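Just below is one structure, and these are the notes that go with it.
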Amino acid sequence: MSARASEAGATLAGLRPMRDEDLDAVLAIELRAYPFPWTRGIFQDCLRADYPAWVLQRDGAIIGYGMLSIAADEAHVLNVCTAPEQQGQGHGRRLLRALLRLAQGRGAQRVFLEVRPSNTVAIALYHDEGFNEIGRRPRYYPARGGREDAIVMAKELFAD
613 MSARASEAGA TLAGLRPMRD EDLDAVLAIE LRAYPFPWTR GIFQDCLRAD YPAWVLQRDG
673 AIIGYGMLSI AADEAHVLNV CTAPEQQGQG HGRRLLRALL RLAQGRGAQR VFLEVRPSNT
733 VAIALYHDEG FNEIGRRPRY YPARGGREDA IVMAKELFAD
């Protein structure tokens, strides 16, 4: 194998299901990415409930993760996060698309999510991926000095 092929392979990121032993790395990213992060207990509860959860790895290190719930014909994106130092490289989009494929494969016809109005980068990604704002949840998120609304977004999943 050439050095060039080896270098390219070293930068490729791969998706795999999240496991309990990933939680230290996932939490480290969560703490760096969010001022009000999820707790270990929240992640553990989601894994125990068998919610679909994926990690994105590069060179053996977790650089992002995503989790959703699926009930009947609806899915809910619970968390999509890329390590701050890895953002802007398409990893969040890749994770989101993987979650959407998984939801569709399990029979979901629509997907919902909430996002902070202050998270303009995420909102742009969601719009770009076909999500539309369908409502607001007042004072949904904790914020410095109070609470922040959530924008509720949805996307219809169509059969291929």
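Under my numbering, the residue at position 1 of the sequence shown is numbered 613, and the numbers go up by one with no gaps. The beta carbon of each residue, even a glycine, is placed where N, CA and C say it ideally should be. Note that the structure is a prediction, hence the values are computed from the model and not measured.
According to DSSP, residue pairing for Gln-698 in a beta bridge does not occur.
Proximity to Gly-704 across Ala-734, Phe-724, Asn-744, Asp-685 peaks at Ala-734, based on C-alpha coordinates. Ala-720 places its beta carbon less than 8 Å from that of Asp-685. When only Cα atoms are considered, Glu-697 and Pro-647 end up about 16 Å apart. Ile-674 places its beta carbon 8 Å or farther from that of Ala-715.
For Glu-745, the enclosing beta strand (DSSP E) covers residues 744–755.
Nearest Cα to Pro-629 within the set Cys-658, Thr-651, Arg-652: Cys-658.
Taken through DSSP and simplified to helix, strand or coil, Gly-758 comes out as strand.
In the three-state scheme derived from DSSP, where H, G and I count as helix and E and B as strand, Arg-713 is classed as helix. For Phe-648, the secondary structure class from DSSP, reduced to helix, strand or coil, is coil. Less than 8 Å divides the Cβ of Arg-751 from the Cβ of Arg-759. Contact between Leu-725 and Met-765 is confirmed by a C-beta separation of about 5 Å, below the 8 Å threshold. Here Ala-625 really is in contact with Leu-668; their C-beta atoms are around 5 Å apart, less than 8 Å.
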